[in-house]
Amino acid sequence: MVIKKHFLNILRWGLRLHGAGHFIEVVSAISEEAYITAIIALIFIAIEILASFFIPNEHIHFKPLKSKVHSDCDEQNEENN
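Here it is in structure tokens:
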């Protein structure tokens with residue numbers, strides 16, 4: 010499925026664009042002399058940009074208590090055999 014294959018890449022770029030969008034907020038806050046708001050927006054920029062680079066490339070099975078992370082489902086099946 011094309012969407013599933015490219016979902017993480019789309020998510021990464023979405024986070025980067027959203028982080029860049031916060032830059033407009035920073036400029037606006039500085040022009041209004043709302044320096045605390047500008048600092049908070051800068052923190053969110055850093056979090057979103059860093060998160061976009063640290064999203065894993067592995068395959069993840071989400072479970073309530075502990076998620077399983079591995080490269081591929083076939084890899085996990087080989088380990089169990």
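In this note's numbering, the protein residues as written are 10 to 90.
Where a beta carbon is used, it is the ideal one built from N, C-alpha and C, also for glycine.
Chain-order list of residues whose beta-carbon lies under 7 Å from that of residue i (same chain, five-residue window excluded)
{"i": "residue 51", "result": "35"}
{"i": "residue 12", "result": "none"}
{"i": "residue 27", "result": "57"}
{"i": "residue 53", "result": "31"}
{"i": "residue 29", "result": "none"}
Nonlocal neighbours in the same chain, by C-beta distance under 6 Å from residue i, ignoring five residues either side
{"i": "residue 55", "result": "none"}
{"i": "residue 61", "result": "21, 24, 25"}
{"i": "residue 47", "result": "35, 38, 39"}
N-terminal and C-terminal residue of the alpha helix (DSSP H) that residue i is part of
{"i": "residue 60", "result": "44-63"}
Integer Cβ distance of residue i from residue j, believed to fall under 8 Å
{"i": "residue 49", "j": "residue 17", "result": "Wrong, their Cβ atoms sit about 28 Å apart, outside the cutoff."}
heavy atom of the ligand GTP below 6 Å from residue i C-beta
{"i": "residue 51", "result": "This structure does not include the ligand GTP; it has no bound ligands of any sort."}
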